[in-house]
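Structure record follows, encoded as structure tokens.
2 protein chains.
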Amino acid sequence: MLNIAITAGGTSENIDGVRKLTNVSTGNLGWHCLEAVLDYFETKKRTDFRVIYVLTETAYRKELSEKQKPFVEFISVTDAESVYDAVDKLTKTVPIDYFIHSMAISDFTFTYAVSVYELAQEICSSLVHLGTDELTVIELLENPMSRYNVNEKISSDDNIVMGLKRTKKVIPVIKQNNPNTFLVGFKLLKDVSEDELINVANHLAEKNECDMVFANEVSRIAERNHSGILIKSGEIIARPVGKKQIAETIVREMIKGIES
Amino acid sequence: MLNIAITAGGTSENIDGVRKLTNVSTGNLGWHCLEAVLDYFETKKRTDFRVIYVLTETAYRKELSEKQKPFVEFISVTDAESVYDAVDKLTKTVPIDYFIHSMAISDFTFTYAVSVYELAQEICSSLVHLGTDELTVIELLENPMSRYNVNEKISSDDNIVMGLKRTKKVIPVIKQNNPNTFLVGFKLLKDVSEDELINVANHLAEKNECDMVFANEVSRIAERNHSGILIKSGEIIARPVGKKQIAETIVREMIKGIES
Numbered sequence: 044m045l046n047i048a049i050t051a052g053g054t055s056e057n058i059d060g061v062r063k064l065t066n067v068s069t070g071n072l073g074w075h076c077l078e079a080v081l082d083y084f085e086t087k088k089r090t091d092f093r094v095i096y097v098l099t100e101t102a103y104r105k106e107l108s109e110k111q112k113p114f115v116e117f118i119s120v121t122d123a124e125s126v127y128d129a130v131d132k133l134t135k136t137v138p139i140d141y142f143i144h145s146m147a148i149s150d151f152t153f154t155y156a157v158s159v160y161e162l163a164q165e166i167c168s169s170l171v172h173l174g175t176d177e178l179t180v181i182e183l184l185e186n187p188m189s190r191y192n193v194n195e196k197i198s199s200d201d202n203i204v205m206g207l208k209r210t211k212k213v214i215p216v217i218k219q220n221n222p223n224t225f226l227v228g229f230k231l232l233k234d235v236s237e238d239e240l241i242n243v244a245n246h247l248a249e250k251n252e253c254d255m256v257f258a259n260e261v262s263r264i265a266e267r268n269h270s271g272i273l274i275k276s277g278e279i280i281a282r283p284v285g286k287k288q289i290a291e292t293i294v295r296e297m298i299k300g301i302e303s
Numbered sequence: 044m045l046n047i048a049i050t051a052g053g054t055s056e057n058i059d060g061v062r063k064l065t066n067v068s069t070g071n072l073g074w075h076c077l078e079a080v081l082d083y084f085e086t087k088k089r090t091d092f093r094v095i096y097v098l099t100e101t102a103y104r105k106e107l108s109e110k111q112k113p114f115v116e117f118i119s120v121t122d123a124e125s126v127y128d129a130v131d132k133l134t135k136t137v138p139i140d141y142f143i144h145s146m147a148i149s150d151f152t153f154t155y156a157v158s159v160y161e162l163a164q165e166i167c168s169s170l171v172h173l174g175t176d177e178l179t180v181i182e183l184l185e186n187p188m189s190r191y192n193v194n195e196k197i198s199s200d201d202n203i204v205m206g207l208k209r210t211k212k213v214i215p216v217i218k219q220n221n222p223n224t225f226l227v228g229f230k231l232l233k234d235v236s237e238d239e240l241i242n243v244a245n246h247l248a249e250k251n252e253c254d255m256v257f258a259n260e261v262s263r264i265a266e267r268n269h270s271g272i273l274i275k276s277g278e279i280i281a282r283p284v285g286k287k288q289i290a291e292t293i294v295r296e297m298i299k300g301i302e303s
């Protein structure tokens, strides 16, 4: 039995119950990867597999055919923390053979919002008492007293400052829990040369033990002409164009990666 | 000829080309209002109307029937500024009879992101030179030198602070440009009593000359059991339940508002 995990879509960090921090990811590429996996096994007439599809609320999703349904299990997530928990639990309980990690997970989560006037006043009155001290200012910028209460809707009367803290990285968990998983990572950058894209992708691969990385640039991710480079062991092994072809290439090279 | 404008969906403020600030609005209620308007005129066998439907990228949208298409014109918008420009232009060029303003427009737009360490350093070094001065700190919190460049992807190495500035309010423009428009406003609040909801809705109505306001609470906006109160001249005139009934009630009361 082969276990294949796919993550898809963009996470959403709650700000005040109405506003949220999201990203441009649609989940389309992840869905194409699911379809490419299902097609691959259907063509090979193999039924000894299942897909665990982890998706966010806004991720693209279609109805599966009755034939496909028994092979796919869905796990819904919302924010970065919920993805971390879901992936950690999944990879601790299921020996995943292939992991396509296409979800765009927020690097930051909301900690507070505060009126600029309130925060400036708080900083000044602290510094008057304590002297000009960088650590004091860092603490105030990370956790001001004058912040809006949790889930209080933020007033639109003043300009505001928002504090954001880093989220726990999800990708390192995958190989930590299952060193034998074949891991496909994704990197989306903006306004970079191909050389820079390759450098960053290789860095990602090394740091998180990705077996393959699909790297792309944000101006080239539309449905029809989405293009990017597939990198394995530091080398470009394919330059697929269009989400369907990208997904098929990833799945083909990934399965070859274990079979060969 | 009756001109009816509807705005729908939630705006999206760009942060760095990948991340964005959005809100929970789906645009479903706006779409139901469009359908209620089309149904109303079909039932009355009237063709002397058109709808201008202003919607955001993520707003819910269905295919219209061939019969409906000639009556609806779509205008696409993205962030708060683009909504302001579109509504200002529309209401200056078209004498709108009814305006259903259901779009959730961000009160804030992104101005900068900065590492907390960099910002703390900048504040301290400024204050050492200039003395502890609140205005200096406000200026730094609104426009720090140490900020990430525009559209530079924000590094996930440090916790960050984001500066957000208020956007121009769209709703006052509607009556300023067309004092005779019948304006329906919407208010979404969180964790408030019905009395508070009514107070805030009345305040909105007064400030922006809304002829009717639909007020609702964020825990009660699901598709099937969406509920809220429709307020006219400070009085609750209906308590519809479900998006379809809410939309039908709004449209019926709105058209009665001019016809009577």
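For the record, the sequence lines run as chains A and B. Per our numbering, the very first residue in the first sequence carries number 44; after that it's consecutive. Per our numbering, the very first residue in the second sequence carries number 44; after that it's consecutive. Even glycine gets a Cβ: it sits at the ideal position worked out from N, Cα and C.
Residues of the stretch 201 to 217 of chain A that bring their beta carbon within less than 9 angstroms of a beta carbon in chain B comprise Asp201, Asn202, Ile203, Val204, Met205, Gly206, Leu207, Lys208, Arg209, Thr210, Lys212, in sequence order. Interface annotation for the stretch 154 to 170 of chain B against chain A: Val159, Tyr160, Leu162, Ala163, Gln164, Ile166, Cys167, Leu170, criterion Cβ-Cβ distance under 7 angstroms.
Per DSSP, Ala102 of chain A is not a residue of any alpha helix (DSSP H), being assigned neither H nor E. For Thr292 of chain B, no pairing in a beta bridge is given by DSSP. Scanning the stretch 201 to 268 of chain B from its first residue to its last, the whole beta strand (DSSP E) runs of 3-plus residues come out as 203 to 209, 225 to 232, 255 to 260.
Restricting attention to B:Leu162, B:Val171, B:Val115, B:Ile203, the CA atom closest to the CA of Leu183 of chain B is found in B:Leu162.
Ranked by how close their Cα comes to the Cα of Phe92 of chain B, the residues B:Asn46, B:Lys211, B:His172 have B:Asn46 in first place. Val180 of chain A: member of the alpha helix (DSSP H) spanning 177 to 185, first to last residue. Contact annotation for Ile181 of chain B against chain A: Val159, Tyr160, Ala163 [CB-CB distance below 8 angstroms, chain order]. By the Cβ-count criterion, Arg263 of chain A is exposed, with fewer than 16 other Cβ atoms from all chains shown falling within 10 Å of its own Cβ. Nearest Cα to Lys212 of chain A within the set B:Asp200, B:Ala102, B:Gly228: B:Asp200. At a cut-off of 8 angstroms, the C-beta of Asp150 of chain A has a neighbouring C-beta in chain B. Leu226 of chain A is positioned such that its CB atom lies closer than 8 angstroms to that of Lys218 of chain A.
Residue contact check for Lys196 of chain A against chain B: a CB pair falls below 8 angstroms. Our two residues, Leu273 of chain A and Ala258 of chain A, have alpha carbons roughly 6 angstroms apart in a direct line. When C-beta atoms of the stretch 72 to 89 of chain B are compared with those of the stretch 142 to 160 of chain B, three or more pairs fall below 8 angstroms, so the two segments count as touching. In this structure, Thr210 of chain A sits near Asp150 of chain A, with a CB-CB distance shorter than 8 angstroms. Runs of the alpha helix (DSSP H) spanning 4 or more residues and lying entirely within the stretch 108 to 141 of chain B occur at 123 to 136, in chain order. With a threshold of 16 other beta carbon atoms within 10 Å, Gly277 of chain B falls short and is exposed.
About 7 angstroms separates the beta carbon of Glu56 of chain B from that of Ala123 of chain B, a gap short enough to meet the 8 angstroms contact definition.
Residue pairing of Ile272 of chain B in beta bridges, as defined by DSSP: B:Ala258.
By the CB criterion at 8 angstroms, Met205 of chain A and Ala156 of chain A fall inside the cutoff. For a cut-off of 8 angstroms, the C-beta gap from Leu207 of chain B to Phe153 of chain B is around 6 angstroms, short enough to register as a contact. Taking a Cβ-Cβ threshold of 7 angstroms, the residues of chain A close to Glu177 of chain B are Ala163, Gln164, Cys167, in chain order. Not a single CB atom of chain B sits nearer than 8 angstroms to the CB of Gly228 of chain A. In the three-state DSSP reduction, Ile58 of chain A falls in the coil class, being neither helix nor strand.
Residue-level contact check: Val261 of chain A touches chain B, since one or more beta carbons of chain B fall below 8 angstroms from its beta carbon. If you draw a straight line from the Cα of Leu240 of chain A to the Cα of Val94 of chain A, it comes to about 29 angstroms. Interface criterion met: the Cβ of Lys63 of chain A is under 8 angstroms from a Cβ in chain B.
Comparing alpha carbon positions, the residue from B:Val67, B:Ala48, B:Glu109 closest to Glu260 of chain B is B:Val67. In the DSSP assignment, Val157 of chain A falls within the beta strand (DSSP E) that extends over 151 to 158. If you check the CB distance, Gly52 of chain B and Thr99 of chain B come in under 8 angstroms.
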